[in-house]
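**Q** Residue numbers (the working numbering): 156 to 460.
Glycine included, each C-beta is placed from N, C-alpha and C at the ideal position.
Keep in mind the model is a prediction, meaning the values are calculated, not measured.
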Amino acid sequence: MSAVDVLLRSEEPSIRWKVRTGVLGEPTDGKAARRLREEIRQSPRVRRLLAARDADGRITNPKQVYAKWRGAHWVLATLADLGYPPGDESLHPLRDQVLRRWLRDVEVPVVQGRYRRCASQQGNALRYLTALGILDDTDARTLTERLVKWQWPDGGWNCDRNPTARTSSFMETLLPMRGLAPHDAGAARRAAEVFLARGLAWRRTTGTLIHPDFARLHHRLYWHYDVLGGLVGMVEVGTIGDPRCAGALDLLESKRLPDGGWPAEKVYATKAGDPLDWGVTGAGRSNEWVTADALAVLGAAGRLS
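1) Can you tell me the Cα-Cα spacing of G439 and A342, whole angstroms?
2) What is the DSSP secondary structure of I289, counted as helix, strand or coil?
3) To the nearest angstrom, how far is the alpha carbon of D414 from that of R175?
4) Can you confirm whether the stretch 171-187 touches the stretch 225-233 when touching is taken to mean that 3 or more C-beta pairs between the two stretches lie within less than 8 Å?
5) Checking 7 Å against the spacing of the C-beta atoms, do Y151 and F325 come in under that value?
6) To the nearest whole angstrom, what separates the beta carbons of E193 and P241, a pair I think is in contact under 8 Å?
7) For S323 versus W305, is the C-beta spacing smaller than 7 Å?
8) Considering Y237, what are the terminal residues of the alpha helix (DSSP H) in which it resides?
9) Sort A424, A401, D448, V390 by Cα distance to P418 and report the nearest one.
10) What does DSSP give as the partner residue(s) for V266 in the beta ladder?
11) So what does K421 bridge to, in DSSP terms?
12) Note down the Cα distance separating A370 from R353, rounded to an integer number of angstroms.
13) Determine the burial state of E167: buried for a count of at least 16 other Cβ atoms within 10 Å of its Cβ, exposed for fewer.
14) Taking Cβ positions, are A158 and T446 nearer each other than 7 Å?
15) Whole angstroms are fine: how far does the CA of R208 sit from the CA of L406?
16) May I have the straight-line CA-CA distance separating G212 from G385, to the nearest angstrom?
17) Have a look at V263 and Q276 and give me their C-alpha separation to the nearest angstrom.
18) For H374, which of H366, A403, K421 has the nearest alpha-carbon?
19) Return the residue from the list L355, C273, L290, G311 that minimises the CA-CA distance to L249.
20) Under the rule that 16 or more other beta-carbon atoms within 10 Å means buried, what is R316, buried or exposed?
21) Which of helix, strand or coil does DSSP assign to I214?
22) At what residue ranges does the stretch 162-210 contain a whole run of the beta strand (DSSP E), taking only runs of 3 or more?
23) Using a Cβ-Cβ cut-off of 7 Å (strictly less than) and excluding sequence neighbours within five positions of C273, which residues of its own chain qualify?
24) Give every residue of the same chain whose Cβ lies closer than 8 Å to the Cβ of I395, excluding the five residues on either side of it in the sequence, and list them in chain order.
25) With 16 as the cutoff for other CB atoms within 10 Å, does S169 come out buried or exposed?
26) In whole angstroms, what separates the C-alpha of G428 from that of W224?
27) Can you give the Cα-Cα distance for S245 and D260, rounded to whole angstroms?
28) Where does L258 sit, in a helix, a strand or coil, going by DSSP?
29) Report the rounded CA-to-CA distance for D160 versus R333, giving the unit in angstroms.
30) Please name the residue, chosen from Q252, A295, V435, A222, that lies closest to L335 on a Cα-to-Cα basis.
31) Helix, strand or coil for W444? Go by DSSP, reduced to three states.
32) Return the Cβ separation of E391 and R458 in integer angstroms, given the expectation that the two are a contact with Cβ distance under 8 Å.
What follows is the structure, given as C-alpha cells:
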C-alpha cells in the first residue's frame with residue numbers, strides 16, 4: 156500500500172484533507188473538501204484546541220495572546236494548519252485578541268538603517284487569519300504595510316539588535332513570506348530570495364549547513380525553521396520550481412523511509428508543552444503529518460510519479 160493510500164485511511168480528517176487537496180490536487184472548494192473540513196471542525200483535536208475559550212469566545216487570559224502553545228495566536232495558527240473551514244464568525248473574539256496585540260502602535264527600533272522586529276508574529280497572524288477567512292481588507296492592508304516597511308534590503312526580517320547583524324533571519328522571514336504571498340507577491344518573492352540564495356539550508360560562503368536543525372524534520376514547526384518548512388513556503392510563493400530548491404528537495408527525498416513515509420525527527424517544546432499529540436517521533440518511524448507535507452511539496456515540484 157502506498158503512503159498516499161495509508162494517509163487517506165487516517166483517523167485524522169486534517170490528514171485526509173491535506174492529501175486530497177495538497178497531493179491529489181482536488182479542489183479546496185469542492186463538495187468532498189467541504190465535507191472533510193466540516194469533519195475537521197467537529198474533530199476531537201479541534202474541540203480540545205478550542206476548549207479553553209470563555210463564554211465570550213476568547214482565551215480566558217487575554218494578556219497571554221502569544222502564550223505557547225495555548226494563546227489565541229497559536230490556537231488560530233493551528234486551526235489554519237489543520238484545514239479548519241474558513242469564515243467561522245465564532246473565531247472573531249480570538250481574532251480580535253490577536254489584532255489588538257499585533258496592530259497596536261509600537262516603536263520598532265532601527266539599528267544601522269534596519270528595523271529590528273520579530274516579524275514572524277505579524278507575519279504568522281496575516282497568514283492564518285487569511286487562511287481562516289476572518290481578516291478584513293483594512294487589517295490585512297495594515298499588517299502587509301507594516302511587514303513591507305520592516306523588510307530588510309536582502310528581502311527578509313530580523314529582530315537582532317546587534318549592529319553587526321546585516322543578514323535576515325530564517326526564523327523571522329519564513330512566516331512573513333508565507334503571510335505576504337496572497338497579499339503582496341513582490342514582497343513575498345523578495346523574501347524567498349533569502350532562502351533561495353542559500354539553497355534553503357546552506358551558507359553561501361562555505362556551502363555548509365547554516366544550522367543542524369535546518370536539515371531535521373519537525374512537527375510542529377511553530378516559529379522555527381527546517382528545510383521542509385522552507386519548501387512548503389516555496390510552494391506557496393510559487394518558487395518551488397526554482398533550480399536552487401533542488402538540493403533541499405534531494406535532502407527531503409533522502410529522508411524517506413522504507414514504508415514510503417517521513418519521520419518527525421525532532422519536536423520543539425516549552426515548559427508549557429503542546430496540549431495536542433502530533434504522532435510518533437524519531438528518525439526511524441513515519442509521522443503522518445510530516446509525510447503529508449513532504450508528499451505535497453514533492454508533488455508540487457514534479458517529483459512524485
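**A** Result, derived from the coordinates:
1) 39 Å
2) coil
3) 20 Å
4) no
5) With the chain covering 156 to 460 only, the question about residue 151 has no answer from this structure.
6) Not confirmed; about 12 Å, so no contact.
7) no
8) Strictly speaking, residue 237 in this sequence is Leu, with Tyr absent from that position. Start and end: 227-237.
9) D448
10) R269
11) H373
12) 13 Å
13) buried
14) yes
15) 41 Å
16) 33 Å
17) 14 Å
18) K421
19) L290
20) exposed
21) strand
22) none
23) C314, E327
24) L386, M389, V452, A455, A456
25) buried
26) 7 Å
27) 26 Å
28) coil
29) 29 Å
30) A295
31) helix
32) Their Cβ separation, rounded to whole angstroms, is 17 Å, which puts E391 and R458 out of contact at 8 Å.
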